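Residue numbers (this note's numbering): 297 to 758.
The beta-carbon is built from N, C-alpha and C at its ideal position, and this holds for glycine as well.
Source: prediction; values computed, not measured.
This report refers to the structure that appears directly beneath it.
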Amino acid sequence: MKGLAIGAGAVAAGVVLPAAVAENFGPKGPEVDDPRPAGFWEKDAGPWPTVPRLESDVQADVAVIGSGITGLCAALTLRELRPELKLCVLDSHRPGSGASSRNSGHLVAEYHAWESILDSQGPEAAKEWNQFSGRAQAALLDFIRFRNIECNLRPEPLIAAATKGQVPALQKLAARMQAAGRDSTLHQGQEFQEKIGTRFYAAGIEESSCLLMHPGKLIKGILERVLGQGVPVYGNSPVLKVANTDSAVAANLLSTPQGTVAAKQVFFATNAYTPRLGGLLSSRMIPIHVAIVATRPLTPAERERAGFLWANLKEIQTLSRTIGLTPDHRVFLRGIFGYKSFNSCVWGPGGKDYERMERELRERLPYLEGIEVTERWCGPVAMNVSGRPLAGALPAKGQYICACYNGVGMVDGFYHGRLVAHQMLGADHPDLKYLYPLAQAGWIPPEPGRSIGAKAFFYFGL
Numbered sequence: 297m298k299g300l301a302i303g304a305g306a307v308a309a310g311v312v313l314p315a316a317v318a319e320n321f322g323p324k325g326p327e328v329d330d331p332r333p334a335g336f337w338e339k340d341a342g343p344w345p346t347v348p349r350l351e352s353d354v355q356a357d358v359a360v361i362g363s364g365i366t367g368l369c370a371a372l373t374l375r376e377l378r379p380e381l382k383l384c385v386l387d388s389h390r391p392g393s394g395a396s397s398r399n400s401g402h403l404v405a406e407y408h409a410w411e412s413i414l415d416s417q418g419p420e421a422a423k424e425w426n427q428f429s430g431r432a433q434a435a436l437l438d439f440i441r442f443r444n445i446e447c448n449l450r451p452e453p454l455i456a457a458a459t460k461g462q463v464p465a466l467q468k469l470a471a472r473m474q475a476a477g478r479d480s481t482l483h484q485g486q487e488f489q490e491k492i493g494t495r496f497y498a499a500g501i502e503e504s505s506c507l508l509m510h511p512g513k514l515i516k517g518i519l520e521r522v523l524g525q526g527v528p529v530y531g532n533s534p535v536l537k538v539a540n541t542d543s544a545v546a547a548n549l550l551s552t553p554q555g556t557v558a559a560k561q562v563f564f565a566t567n568a569y570t571p572r573l574g575g576l577l578s579s580r581m582i583p584i585h586v587a588i589v590a591t592r593p594l595t596p597a598e599r600e601r602a603g604f605l606w607a608n609l610k611e612i613q614t615l616s617r618t619i620g621l622t623p624d625h626r627v628f629l630r631g632i633f634g635y636k637s638f639n640s641c642v643w644g645p646g647g648k649d650y651e652r653m654e655r656e657l658r659e660r661l662p663y664l665e666g667i668e669v670t671e672r673w674c675g676p677v678a679m680n681v682s683g684r685p686l687a688g689a690l691p692a693k694g695q696y697i698c699a700c701y702n703g704v705g706m707v708d709g710f711y712h713g714r715l716v717a718h719q720m721l722g723a724d725h726p727d728l729k730y731l732y733p734l735a736q737a738g739w740i741p742p743e744p745g746r747s748i749g750a751k752a753f754f755y756f757g758l
């Protein structure tokens, strides 16, 4: 991501448009016409709760924009801390249909920016931040169990996989992981290749702290608990504008196509969709489109023929691919599509891109020869320069945000959402000190330099 930002910045430096003009260049509004077809996890979770559209003017103490894991868990936390508060959750599409139900299903105890912290602050600091992520993972597991959410939760090692030419880099990574307090076991050679069922990778690091779950079932279960607590959730109600007012009763006015919300406080749980809300934090984050292709379920005979013991792999290069196995034994590959101009969160049909990913899946796993790909879905994640979530108070009165998880949002989205909910209410929490200042997230150039740099980065990197 730093390479992307630096490359885009270099291009932007030569663009004629001044930054002040470029910031106002092009569309910024929510993409309300996006049909957002359901991904596999959403469909496989079974029937979802039906929620209404906002069709009136309402008042709330706190309005949450976004109904993924961040927004829904923040709403539950606010309800726990202050049961008397009047809350509501709004989403531009179906609740839970964004990135929270479109990912690989990993729950990892890893702070995404640990390597840069190791380089700049040393091993003790890196250990501290990884321990913070360990507490975040443990809190999410406790939440799932306490709320009795059935989501196929299970321990499964995550293998950081490397090709033959990447083995020296993998060995260096293993040493750095040990220095940063992360458990890791290096495997290589024929025995390793037999365990993963392919010779495409020559070595891998086993990370034992990972768990897997069914993203659709998890988000559906959280949505059901939010509704069960009496919190109104409005779907297909895109927030078109948030106006900060001088009112002591409701400092923020949220406008949707058919209704408004007057709220004392606003929680933006909008992740990659954030920059399309009037350009909010567009200089601090960039939406990147990722996608997954998945096969039909493998039969017992096909699984025996494949012979793998480990099916949860993540490549070590910057533009990595992830390989995984669904509970019904579909093999999937998650990869990157790229960036769409003006922070668009709509990719389009993606035919050739999906074809490329299917070729990559078969290249990596020859045992899939003759097994058709039946599922394809995509969605945006948010990235930034620092590699840290953007979480905390915004400059406008009564506004807070929790977004930008750099592709590892399930644990971070849950825990940072809870922390920001505490911050909003002035409630104590020992981990509030780990909310990273928004101003230190690093700068990403505006359009058109953003598009030119980002697209060049992905064109040559993929």
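*Indicate the three-state DSSP secondary structure (helix, strand or coil) for Val716 in the structure shown.*
The residue you call residue 716 lines up with position 420 of the sequence shown. The three-state secondary structure of Val716, taken from DSSP, is helix.
*Could you give the C-beta distance for Val358 and Ala559, rounded to a whole number, given that I count them as a contact under 8 Å?*
The residue labelled residue 358 in the question sits at position 62 within the sequence shown. The residue labelled residue 559 in the question sits at position 263 within the sequence shown. Right, the Cβ-Cβ distance comes to about 6 Å (below 8 Å), so this counts as a contact.
*Checking contacts by CB at 9 Å: is Ser480 closer than that to chain C?*
Among the protein chains of the structure shown there is no chain C, as only one such chain exists.
_Tell me which residues share the same chain as Ser533 and place their Cβ nearer than 8 Å to its Cβ, disregarding the 5 neighbours each side in the sequence._
Residue mapping note: residue 533 aligns to position 237 of the sequence shown, counting from 1. Hits under 8 Å: Arg349, Leu350, Leu386, Asp387, Ser388, Thr552, Pro553, Gln554, Gly555.
*Alpha carbon to alpha carbon, how far is Ser429 from Cys698?*
On the sequence shown, residue 429 is found 133 positions in, with the first residue counted as 1. On the sequence shown, residue 698 is found 402 positions in, with the first residue counted as 1. Spanning the two alpha carbons is a distance of roughly 16 Å.
*asked:* Under 8 Å: do the segment 503-514 and the segment 453-470 share three or more Cβ pairs, one atom per stretch?
replied: yes
*Spell out a yes or no on whether the segment 688-707 and the segment 418-426 are touching, meaning 3 or more CB-CB pairs, one atom from each, closer than 8 Å.*
no
*Is it right to say Asp353 is buried, meaning 16 or more other beta carbons lie within 10 angstroms of its own, or is it exposed?*
For the purposes of this step, residue 353 is taken as residue 57 along the sequence shown, with counting starting at 1. Exposed.
*asked:* Quick check on DSSP: helix, strand or coil for Phe563?
replied: The residue given as residue 563 occupies position 267 in the sequence shown. Note: Phe563 maps to strand in three-state DSSP.
*asked:* Rounding to the nearest angstrom, what Cα-Cα distance links Ala539 and Leu549 in this structure?
replied: In the sequence shown, the residue the question calls residue 539 occupies position 243. In the sequence shown, the residue the question calls residue 549 occupies position 253. Cα-Cα distance, rounded: 5 Å.
*Within this structure, are the beta carbons of Gly322 and Ser637 separated by less than 9 Å?*
Within the sequence shown, the letter at position 26 stands for residue 322. Within the sequence shown, the letter at position 341 stands for residue 637. In this structure, Ser637 lies closer than 9 Å to Gly322 by Cβ.
_Straight-line gap, Ala692 to Asp727 (C-alpha atoms, nearest Å)_ = Walking along the sequence shown from the start, residue 692 turns up at place 396. Walking along the sequence shown from the start, residue 727 turns up at place 431. Their Cα atoms are separated by approximately 24 Å.
*Gly745 in three-state terms, based on DSSP*: To locate residue 745, count along the sequence shown from 1; it is residue 449. Gly745 falls in the helix class under three-state DSSP.
_Cys384 - partner residues in DSSP beta bridges_ = Locating residue 384 in the sequence shown gives position 88, where the first residue counts as 1. Beta bridge pairing from DSSP links Cys384 with Ala359.
*Closest by CA to Thr591, which one among Pro645, Thr670, Pro623, Leu576?*
Counting from 1 along the sequence shown, the entry for residue 591 is found at position 295. Residue Thr670 is the option with its Cα nearest to Thr591.
*Ala498 to Phe753 span [Cα, whole Å]*: Working through the sequence shown from its first residue, we reach residue 498 at position 202. Working through the sequence shown from its first residue, we reach residue 753 at position 457. One C-alpha to the other measures close to 27 Å.
*What residues match up with Cys674 in a beta bridge as DSSP calls it?*
Mapped onto the sequence shown, residue 674 falls at position 378. Its beta-bridge partners are Ala587.
*If Gly634 and Ala587 are in contact, beta carbons under 8 Å, what's the gap, nearest whole angstrom?*
Counting from one through the sequence shown, the residue named residue 634 turns up at place 338. Counting from one through the sequence shown, the residue named residue 587 turns up at place 291. With 8 Å as the limit, Gly634 and Ala587 do not qualify as a contact, their Cβ atoms being about 10 Å apart.
_Cβ separation of Cys674 and Ala568, assumed to be a contact under 8 Å, to the nearest whole Å_ = Walking along the sequence shown from the start, residue 674 turns up at place 378. Walking along the sequence shown from the start, residue 568 turns up at place 272. Incorrect: roughly 12 Å between the Cβ atoms, too far for contact.
*Select from Cys447, Ala356, Phe496 the residue whose C-alpha is nearest the C-alpha of Arg337.*
Taking the first residue of the sequence shown as 1, we reach residue 337 at position 41. Looking at the sequence provided, one finds Trp at residue 337 rather than Arg. The residue with the shortest Cα to Cα distance from Trp337 is Cys447.
*asked:* Helix, strand or coil, according to DSSP, for Thr541 in the structure here?
replied: The count along the sequence shown starts at 1 and reaches residue 541 at position 245. Thr541 carries a coil assignment under DSSP once its states are collapsed to helix, strand and coil.
_Helix, strand or coil for Leu436? Go by DSSP, reduced to three states._
Along the sequence shown, one-based indexing puts residue 436 at 140. In the structure shown, Leu436 sits in a helix (DSSP, three-state: H, G or I).
*For the 8 Å Cβ check, are there 3 or more pairs between the segment 389-399 and the segment 566-583?*
Judged by Cβ distances under 8 Å, the segment 389-399 makes contact with the segment 566-583, as three or more pairs qualify.
_Whole-angstrom distance between Val529 and Leu523, CA atom to CA atom_ = Taking the first residue of the sequence shown as 1, we reach residue 523 at position 227. Taking the first residue of the sequence shown as 1, we reach residue 529 at position 233. Taking the straight line from one Cα to the other gives about 7 Å.
*Reduced DSSP category for Glu611 - H, G, I as helix; E, B as strand; rest coil*: Position 315 of the sequence shown holds residue 611. Correct three-state label for Glu611: strand.
_Does Pro685 pass the burial test, meaning 16 or more other C-beta atoms within 10 Å, or should it be called exposed?_
Counted from its first residue, the sequence shown places residue 685 at position 389. It counts as buried.
*asked:* Considering only DSSP beta bridges, list what Cys369 is partnered with.
replied: Locating residue 369 in the sequence shown gives position 73, counting from the first residue. Answer is none; Cys369 lacks a bridge partner.
*Measure the Cβ-Cβ separation of Leu377 and His718 and say whether it is below 9 Å.*
Counted from its first residue, the sequence shown places residue 377 at position 81. Counted from its first residue, the sequence shown places residue 718 at position 422. The answer is yes: Cβ separation under 9 Å.
_Inter-residue Cα distance where the pair is Trp344 and Ser579_ = For this step, residue 344 is matched to residue 48 along the sequence shown. For this step, residue 579 is matched to residue 283 along the sequence shown. Each residue's Cα considered, the two are about 36 Å apart.
_Restricting to Cα atoms, I'd like to know which of Val545, Gln474, Arg521, Arg658 is closest to Ala356._
Taking the first residue of the sequence shown as position 1, residue 356 is located at position 60. Ranking Val545, Gln474, Arg521, Arg658 by Cα distance to Ala356 puts Val545 first.
*asked:* Determine whether the beta carbon atoms of Thr618 and Gly757 lie at a separation below 9 Å.
replied: Start at 1 with the first residue of the sequence shown, and residue 618 comes out as number 322. Start at 1 with the first residue of the sequence shown, and residue 757 comes out as number 461. Cβ distance not < 9 Å, so Thr618 and Gly757 don't count as in contact.
*What did DSSP end up calling Phe496 once you bin it into helix, strand or coil?*
For this step, residue 496 is matched to residue 200 along the sequence shown. The answer is coil: DSSP assigns Phe496 none of H, G, I, E or B.
*Do Glu659 and Val589 have their C-beta atoms within less than 9 Å of each other?*
Within the sequence shown, the letter at position 363 stands for residue 659. Within the sequence shown, the letter at position 293 stands for residue 589. Contact flag unset, no.
*Where does Phe710 fall in DSSP's three states?*
Indexing the sequence shown from 1 puts residue 710 at position 414. If DSSP states are grouped into helix, strand and coil, Phe710 belongs with the helices.
_Cβ-Cβ separation, Ile584 to Pro676 (assumed contact under 8 Å), whole Å_ = For the purposes of this step, residue 676 is taken as the residue at position 380 of the sequence shown. For the purposes of this step, residue 584 is taken as the residue at position 288 of the sequence shown. Their Cβ separation, rounded to whole angstroms, is 6 Å, which keeps Pro676 and Ile584 in contact under 8 Å.
*Within 10 angstroms of the Cβ of Asn444, are there 16 or more other Cβ atoms? Answer buried if so, exposed if not.*
Position 148 of the sequence shown, counted from the start, is the residue given in the question as residue 444. By the 10 Å Cβ count, Asn444 comes out exposed.
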